[in-house]
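The structure under discussion appears below in the form of structure tokens.
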Amino acid sequence: MPTFAIYTNVPKPEDANKFLLDASKFISEKLGKPEKFVTVRFHPDQLMSHGGSTEPCGSVELYSIGLGTEKNNEHTKSIGEFIAEKLSIPKDRFYVNFIDLKRTDVGIDGKTFA
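For reference, each letter of the sequence shown is one residue, going 963 to 1076 in the working numbering.
What follows is the structure in structure tokens.
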């Protein structure tokens, strides 16, 4: 149910699979949700600009049921540190968008989470 989507203009890392698995584990632990439900979408090499510059930048989206808003500052900080460390994108060069999904709007294996 959690989906962590990262769009960036930085090149695909040599070990992209390791990045995907690190990101999956990170989000699972951060949200306290089973990793078997986590999806990571990684889109490197995008044509992007941020703040009038094409220096390394990105756009991050976190979708999840029950995300709420109480922890958005905490999540922004830890996601920023993760992206800066793993992709060398400065923390002020991407936004994090949070999308709180309703259980009725997420389905798997022929049924929703409602």
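No residue lacks a Cβ here, since even glycine has one placed at the ideal position from N, Cα and C.
Asked: CB of Y1057 within 8 angstroms of CB of T965, strictly; Found: no
Asked: K980 to I989 span [Cα, whole Å]; Found: 14 angstroms
Asked: Close Cβ partners of R1065 (< 6 angstroms) along its chain, the five nearest in sequence each way excluded; Found: I1027, F1075 and A1076
Asked: Cβ pair T970, I1051 closer than 8 angstroms; Found: yes
Asked: Under the three-state DSSP convention, the category G1030 falls into; Found: coil
Asked: CB contact flag (A985, V1002, <8 angstroms); Found: yes
Asked: Buried or exposed by the 16-neighbour rule on C-beta atoms within 10 Å, applied to G1014; Found: exposed
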